[in-house]
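K.L.:
Residue numbers (full-length UniProt numbering): 1 to 459.
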């Protein structure tokens, strides 16, 4: 069987060309007639088997060509930056200062750069050199300017992450090698200005009094209960770290999650870090701290109203761009839009989409939205890539992972914010935001799940 012919048949079917099936039918009839005559004349079993094998391959080709009619139209993705150094000394008694981090506080490490480069290689395989060949595999200025748009926060770790990803996605080849021996080429990355309010890619830093007020109302009692029921553990941590009492003690202890960074980079730890606590299911000190951090981070978005404040504007961006593709009203020429951002941004988006796994977003964790056309119908496909595994996401209310655009839009548009002026109005001190119907678990139920893992750690 001619492989090129099979590929051509698949291409014709993908483009909706009905001639493909007619051609295949005629081809099969001709081949069948030839082998019928041949077998009657020579009674050759070997040739009969060869014919059957050939026919099977052809039928498989036709099946694949008919069932692969999906046409990718648009891709939008957002990821968390890669592994980085702590933003500052994790705790007063920590012996590992900035000198232990080659690029300094808060900057990407070599590990982080490799994580984002690997994510870029994934994008290259899926969208540049895969079956879809959605984007040209060889970078050139007009290709990126016209088809791909990369936007980052002004954070240096996010900017560096975007560059590392692009190195994996568009490695220089042939005529694009500008410096022999250097497997890198400069590619433009757009960014918000320094100190510019950024509700799109850094919503957790956006000033929003109404959010702060609501978050305090919802979470303050739970934080008080956490402190009250875990006095022994908290006192132990304070004694070992030198962390003083404060109104934000839960948040301060949560920042000790930076201990995981030190452990990851082979910086030996004092014994108290790995001390096991029988009353907490024999989890270690650093594991309990990590769980506290997870709970604190999730509490920022767990209530659907909080999720809308922090993730609604980014959701509105995703929805409006997808809608412009579906309605063919898109003003920009790009067919792929990539955002380099932070864990809080990705967490907020997952929460407002109501698909959060309620875990901390890992380095290089990435949410991907695809707009596909299939038999003149438009669909949305959502993915969450974490720890190198691509996970399909199904929004509650959608019939499957492949969700009709109208269904997807109708479910999520009430949770979206489509204009920054609308967000500013919502964020005003006296603004209120009503609940919408949601399938998300209430925060109190979420707290119960924590007690199963760490029985004495009440939230």
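Don't be surprised by glycine CBs; every beta carbon is placed ideally from N, CA and C.
Do residue 381 and residue 415 count as a contact pair if the criterion is CB distance below 8 Å?
P.N.:
no
K.L.:
Residue 427 lies in the alpha helix (DSSP H); which residues open and close that run?
P.N.:
420 to 427
K.L.:
Tell me the start and end of each unbroken alpha helix (DSSP H) in the stretch 262 to 349 that is at least 4 residues and wholly inside, in chain order.
P.N.:
285 to 299, 304 to 326
K.L.:
Taking Cβ positions, are residue 301 and residue 310 nearer each other than 8 Å?
P.N.:
yes
K.L.:
Measuring straight from C-alpha to C-alpha, what distance separates residue 82 and residue 378?
P.N.:
33 Å
K.L.:
For residue 347 versus residue 158, is the C-beta distance shorter than 8 Å?
P.N.:
no
K.L.:
Measure the beta-carbon distance from residue 343 to residue 361 and round it to whole angstroms, keeping in mind my assumption that it falls under 8 Å.
P.N.:
4 Å
K.L.:
Indicate whether residue 168 and residue 119 have their beta-carbon atoms separated by less than 8 Å.
P.N.:
Contact: yes.
K.L.:
Just the Cα atoms here: how many angstroms apart are residue 165 and residue 117?
P.N.:
4 Å
K.L.:
Looking only at its own chain, which residues have a Cβ that is under 6 Å from the Cβ of residue 274, when we skip the five neighbours before and after it?
P.N.:
284
K.L.:
Could you pull the start and end residues of the alpha helix (DSSP H) that residue 99 belongs to?
P.N.:
Per DSSP, residue 99 belongs to no alpha helix (DSSP H) and is neither H nor E.
K.L.:
Going by C-alpha distance, which of 412, 70, 127, 163 is nearest residue 315?
P.N.:
412
K.L.:
Taking its Cβ as the centre, do 16 or more other Cβ atoms sit within 10 Å of residue 287, making it buried, or is it exposed?
P.N.:
buried
K.L.:
Under a three-way DSSP split, which group does residue 378 fall into?
P.N.:
When DSSP states are grouped into helix, strand and coil, residue 378 belongs to the strand group.
K.L.:
Go ahead and pull the three-state DSSP assignment for residue 415.
P.N.:
helix
K.L.:
By Cβ distance, which residues of its chain are closer than 7 Å to residue 200, with the 5 residues on each side in sequence left out?
P.N.:
313, 314, 317
K.L.:
Going by Cα to Cα distance, which pick from 241, 111, 248 is closest to residue 270?
P.N.:
241
K.L.:
Report all residues from its chain with a CB closer than 8 Å to the CB of residue 321; omit the five preceding and five following residues, and keep chain order.
P.N.:
74, 76, 330, 337
K.L.:
Does the Cβ-Cβ distance between residue 349 and residue 371 come in under 8 Å?
P.N.:
In this structure, residue 349 keeps its C-beta atom at 8 Å or more from the C-beta atom of residue 371.
K.L.:
At what residue ranges does the stretch 175 to 245 contain a whole run of the alpha helix (DSSP H), taking only runs of 4 or more?
P.N.:
Within the stretch 175 to 245, the complete alpha helix (DSSP H) runs of at least 4 residues fall at 209 to 229, 231 to 241.
K.L.:
Quick one: is the Cβ of residue 414 within less than 7 Å of any heavy atom of the ligand FAD?
P.N.:
Although the ligand FAD was asked about, the structure shown includes no ligands whatsoever.
K.L.:
Would you kindly work out how many angstroms separate the C-alpha atoms of residue 256 and residue 91, rounded to a whole number?
P.N.:
7 Å
K.L.:
Apart from the five residues just before and just after residue 245, which ones in its own chain have a Cβ nearer than 8 Å to its Cβ?
P.N.:
Hits under 8 Å: 238.
K.L.:
Only counting the same chain, and skipping five residues up and downstream in sequence, which positions put a Cβ closer than 7 Å to that of residue 189?
P.N.:
150, 152, 159, 162, 163
K.L.:
So, using beta-carbon positions, are residue 178 and residue 233 closer together than 8 Å?
P.N.:
no
K.L.:
Checking 8 Å against the spacing of the C-beta atoms, do residue 364 and residue 79 come in under that value?
P.N.:
A distance below 8 Å separates the beta carbons of residue 364 and residue 79.
K.L.:
Measuring CB to CB, does residue 128 end up less than 8 Å from residue 427?
P.N.:
no
K.L.:
Any idea which residues DSSP pairs residue 460 with across the strands?
P.N.:
Within the shown structure, residues of the chain are numbered from 1 to 459, placing residue 460 beyond reach of any answer.
K.L.:
Less than 8 Å between the beta carbons of residue 243 and residue 253, yes or no?
P.N.:
yes
K.L.:
According to DSSP, is residue 91 helix, strand or coil?
P.N.:
Here residue 91 sits in coil by DSSP.
K.L.:
Provide the residue span of the beta strand (DSSP E) that contains residue 251, from first to last.
P.N.:
Boundaries around residue 251 are those of the alpha helix (DSSP H), 249 to 254, since no beta strand (DSSP E) includes it.
K.L.:
Assign residue 24 to buried or exposed, taking buried as 16 or more other Cβ atoms, counted over all protein chains shown, within 10 Å of its Cβ.
P.N.:
Any reading at residue 24 must be qualified, since the residue scores a pLDDT of 45, below 50, and its modelled position is unreliable; the value itself is stated next. With 16 or more other Cβ atoms within 10 Å, it is buried.
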